[in-house]
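Read through the structure below, which is laid out as structure tokens, and then see the notes.
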Amino acid sequence: MKCDAKYIAESSHGTGNMLRHIRSCKGKVYRGIGQMILQSNASGAVENRPSTFKFDEFREILALAIDRHNLPLQFVEYEGIRAVFSYLCPEVKHVSRRTIKNDIMKIHAKEKIKLDELLKRAPGRIAITSDCWSSITTDGYISLTAHFIEKNWRLGKRVLAFSFIPPSHTGAALAEKMTCFLKQWGIEKRIASITLDNASSNDSMVETLKYDLDVVSNGDYFHVRCCAHILNLIVQEGLKEIDDAVLKVRECVKYCKGSQGRKQKFLQCVQHVSLESSRGLRQDVPTRWNSTYMMLDSALFYKKALLHMKATDANFVHCPNSDEWNRIEKICKFLSVFHEVTLAFSGTKYRTSNLYFPNVLKVRLLLKEHMGSADRFLKTMATKMNEKFEKYWSDFSTIMAIAVVFDPRYKLQVVEWAYKKVYDQTADFDLELFKNKLFSLYNEYASSTPTSTTKHDENTRNAPVIVDQASDSYMEVIYTLKVLFFSI
């Protein structure tokens, strides 16, 4: 009934074979923990039930646990851990750190084979992202992550490489390392794009990779700059000159967090004005602009508590006045847009290519509006940020604009509206150029991908269909591009 094994049930054959099977049956289930660990012997006394211990499975589970929780390999040699293992199973064979290292490498080899098969089954091209950084010991490392659409149309993301890279980190050295990674996985002919930050060495690496890889449209859409990184550079440029009101908020937070007594006094003020204390004041850090936004946002939330603390603590002298609080509110509202866009760009559970165009348009229009602001600080900040914006995003990314065309919430109408809103005099020319690039990209895919359509006769059904902008098969083009472009 549990494992579907079949035995002769005639009384002449006895039940010994069934009893022997029950001892090793994999389908048996115990209803209670007592039944699982206890049994009665021949004399009727209760004793521990003997269990079947699978040592190979135990080693694999142990290796996975060490890998998942980032434990040292010496973990298996700790006396306390070995005592626990021996208590659970006296017959356990203890392993050394070298043995568990070999087990982890075997698991890695098996998982690598599975990933290789997954990449081969992916129907479209593969987008990659890479980053370099230095450890606390100044050793350089490089990572490579693949983003692709799986055969069942699920969004896939896998880390393909994480490797030490010796100095110097020139563009040629990075390109050689990247090409080596891609050839190891056999995907050097299937790369759609590579997303990088704005380091100068990355620009030269991309130019080298264009000649080594089979890229789309001669590499026009190959290099994608990290939008979150650019946004960080833009806001950092605007925050170089901090308003006095922001400095006062920073001092307020430092004062309230300066000692245990001040923390307690601040919590009493929070309770007095009936605010939630779980949110807490946030201290900003120089390297993260969004921490400044979160500091201002938390200060506005506890504005009443800070004002009450000012009235009850004579040493609390950094609380902003009413005009400064108004400026803080304007600055916070201004930075909130960039915070929301950063969160949208930083998503990992969904595609972000279709979010670029509407969010960059939002930032562009926001900067344009505040460059004419009556507030001197906001005007200065928006002007500086716009200079950095023009450096990286003076023109919309064509490939990202194409992505928004396939989003049913926006389609081509949003691109047309945005071009007219931004480019004004040259809108028609720029929009016509964009459409030409859109159909050119489709034609390149269509020329290499057999398609079938009911509009063609039997002899040409499997031939690639090349269309121009004036053709009547616009909807057919868009549908096909959605399928083909989904992997970029």
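Under numbering that gives the first Met the number 0, the letters of the sequence shown match residues 0 to 487, in that order.
Virtual Cβ for every residue (Gly too), placed ideally from N, Cα, C.
Since the structure is predicted, the reported quantities are computational estimates derived from the model, not experimental observations.
Separation of residue j from residue i, as counted between CA atoms
i, j, result
"MET177", "LYS156", "18 Å"
"LEU432", "ALA64", "55 Å"
"PHE163", "ALA417", "44 Å"
"GLY237", "ALA313", "34 Å"
"ALA462", "GLU187", "Residue placement at ALA462 is poorly supported in this model, since its pLDDT is 39, which falls under 50; the coordinates are not used for a value here."
"MET0", "TYR6", "11 Å"
"LEU295", "GLY279", "12 Å"
"ASN197", "SER129", "12 Å"
"SER297", "GLN263", "17 Å"
"LYS253", "ILE125", "47 Å"
"ASN69", "THR397", "42 Å"
"VAL404", "LYS419", "16 Å"
"TYR391", "GLY218", "18 Å"
"CYS318", "GLY346", "36 Å"
"ALA381", "LYS109", "53 Å"
"PHE428", "TYR409", "21 Å"
"LEU360", "LYS302", "33 Å"
"PHE488", "ARG281", "Any property of residue 488 remains undetermined from this structure, which presents the chain solely from 0 to 487."
"LYS247", "HIS271", "23 Å"
"MET17", "ILE80", "39 Å"
"LEU437", "ASP406", "15 Å"
"PHE376", "PRO285", "19 Å"
"ALA172", "HIS146", "23 Å"
"PHE57", "TYR444", "50 Å"
"PHE265", "SER276", "9 Å"
"LEU306", "ASP243", "18 Å"
"THR311", "GLU240", "32 Å"
"GLU415", "SER447", "29 Å"
Which of helix, strand or coil DSSP assigns to residue i
i, result
"TRP152", "coil"
"ASP558", "Examination of residue 558 is not possible in this model, given that the chain is present from 0 through 487 alone."
"SER200", "helix"
"PHE333", "helix"
"VAL464", "Summary for VAL464: the model assigns pLDDT 40, below 50, so the residue's position carries little reliability, and this model does not support an answer."
"CYS131", "strand"
"LEU195", "strand"
"HIS146", "strand"
"ALA126", "strand"
"GLY139", "strand"
"PHE52", "coil"
"PHE405", "coil"
"LYS5", "coil"
"LYS420", "helix"
"HIS168", "coil"
"LYS253", "helix"
"GLY237", "helix"
"GLY279", "coil"
"PRO71", "coil"
"PHE265", "helix"
Whole-number beta carbon distance between residue j and residue i, since they are thought to touch under 8 Å
i, j, result
"ALA8", "HIS20", "Not a contact, Cβ separation roughly 13 Å."
"LEU72", "LYS92", "So it is not a contact: roughly 17 Å between Cβ atoms."
"SER134", "VAL158", "Going by Cβ atoms, the distance from SER134 to VAL158 rounds to 17 Å, so no, they are not a contact pair."
"SER352", "ALA402", "4 Å"
"LEU192", "PHE221", "One detail in the question is off: residue 192 reads as Ser in this sequence, not Leu. The pair is a contact, with the Cβ atoms about 6 Å apart (cut-off 8 Å)."
"ASN289", "THR341", "6 Å"
"PHE344", "CYS226", "5 Å"
"ALA62", "ILE103", "5 Å"
"ALA304", "CYS251", "That pair is no contact at about 10 Å."
"SER216", "GLY170", "The Cβ separation is near 22 Å, so there is no contact."
"ARG350", "VAL421", "At roughly 24 Å, the Cβ-Cβ gap does not stay under 8 Å, so ARG350 and VAL421 are not in contact."
"ARG96", "VAL75", "6 Å"
"LYS383", "MET370", "Not quite, the Cβ-Cβ distance comes to about 10 Å (not below 8 Å), so this is no contact."
"GLY510", "PRO166", "In the structure as shown, the chain starts at 0 and stops at 487, and residue 510 therefore has no counterpart that could be examined."
"CYS255", "TYR292", "Not quite, the Cβ-Cβ distance comes to about 19 Å (not below 8 Å), so this is no contact."
"LYS366", "PHE388", "Just to set this straight, residue 366 is Leu in the shown sequence, not Lys. Contact flag correct, Cβ pair sits at about 6 Å."
For residue i: DSSP bridge partner residues
i, result
"CYS88", "In the DSSP output, where bridge partners are listed per residue, CYS88 has none listed."
"ARG560", "What the structure shows of the chain is the stretch from 0 to 487, and residue 560 is not part of that stretch, so it cannot be assessed."
"ARG224", "LEU195"
"VAL158", "THR144"
"GLY15", "Note: GLY15 sits in no beta bridge, so no partner."
"ILE190", "ILE125"
"LYS344", "Note that residue 344 is Phe in the sequence shown, not Lys. Paired residues: none, contrary to the question."
"PHE163", "TYR140"
Please confirm if the stretch 105-124 is in contact with the stretch 145-160, defined as three or more CB-CB distances below 8 Å between the two stretches. Three or more Cβ pairs closer than 8 Å define a contact, and the stretch 105-124 meets that threshold against the stretch 145-160.
Are the stretch 258-275 and the stretch 322-332 in contact at 8 Å, needing three or more beta carbon pairs? By the criterion of at least three beta-carbon pairs nearer than 8 Å, the stretch 258-275 is not in contact with the stretch 322-332.
Between the stretch 210-220 and the stretch 173-187, do three or more beta carbon pairs fall short of 8 Å? These segments touch.
Does the stretch 335-346 come within contact of the stretch 225-238, defined as at least 3 CB pairs closer than 8 Å? Contact between the stretch 335-346 and the stretch 225-238 is established, with three or more Cβ pairs separated by less than 8 Å.
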